[in-house]
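Engineer: Below is a structure I'd like to ask you about.
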Amino acid sequence: MMIYPECEADTALVKAFGIPRKEVEHSHGKGNVCNRLEKTKNSKGLVDEDPLSAQPTYIGRLKPLLNKHGVKLLLDEKNQNHLIVLCPRLEDWILNVTKEVNIDVLKYGLPNDPNRLREALNIKLDKFKDLIDNIKQKSEMLKTLEEFIKR
C-alpha cells in the first residue's frame, strides 16, 4: 500500500509512525495527492483541509468515515482508497497537538504562529521531526492520525 502525503511536513508525520520509505511518496500538493488516488487502488493520501481554498473535485466524491481530533478519514469506495485530512491546516493542527500535550514549540526553534510555522517547516524540518518524535506517544491527536494511517 502506498501513502501519498501532500508536503514534506506531512511526509515527516507519516514516517514518524514507522511507515517504510518505499511506501511513502511525497506528492507536491493536494491536487497531486487526489490525482494519484484517482489512478490507484488500496492507497492513502494525507492532505490539509484548507477550508478557504478551492477543493479538488475528487474530494467531493468521497464518503466520510470518521472525524476525530481534527482528523477526517474519507473513503473512495470505487478504488478502496482513504484520504486523511488534517483540519483546518497542518500548521494549526500541529499547534493544537502541542497545546494538548503542553509543549512549547519555541523550545524546538519553531514559531508558535501557524502562518510563520508554515514558512518555517521546510527550513526546519529536522526540528519538526524531533518535536513529533518526542510527543507522538503522549498525544491523542497524533495517535488518531497514526490509527488512520495504519488502518
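Mapped onto my numbering, the consecutive letters of the sequence shown carry residue numbers 49 to 199.
Even glycine gets a Cβ: it sits at the ideal position worked out from N, Cα and C.
These figures come from a predicted structure and were not determined experimentally.
1) In its own chain, which residues sit with a C-beta less than 6 Å from the C-beta of Glu139, not counting the 5 before and 5 after it?
2) How about Leu113 and Leu85: are their beta carbons less than 9 Å apart?
3) Which residues in the same chain as Asn170 place their Cβ atom closer than 6 Å to its Cβ, once the five residues preceding and following it in sequence are excluded?
4) Decide if Asp96 is buried, meaning its Cβ has at least 16 other Cβ atoms within 10 Å, or exposed.
5) May I ask you to report which of helix, strand or coil DSSP gives Pro162?
6) What's the call for Ala64, buried or exposed, on a 16-neighbour Cβ count within 10 Å?
7) Rank Asn144, Ile183 and Cys82 by C-alpha distance to the C-alpha of Ile107 and give the top, closest one.
Structural biologist: According to the data block:
1) Pro162, Leu165 and Arg166
2) no
3) Glu56
4) buried
5) helix
6) buried
7) Cys82
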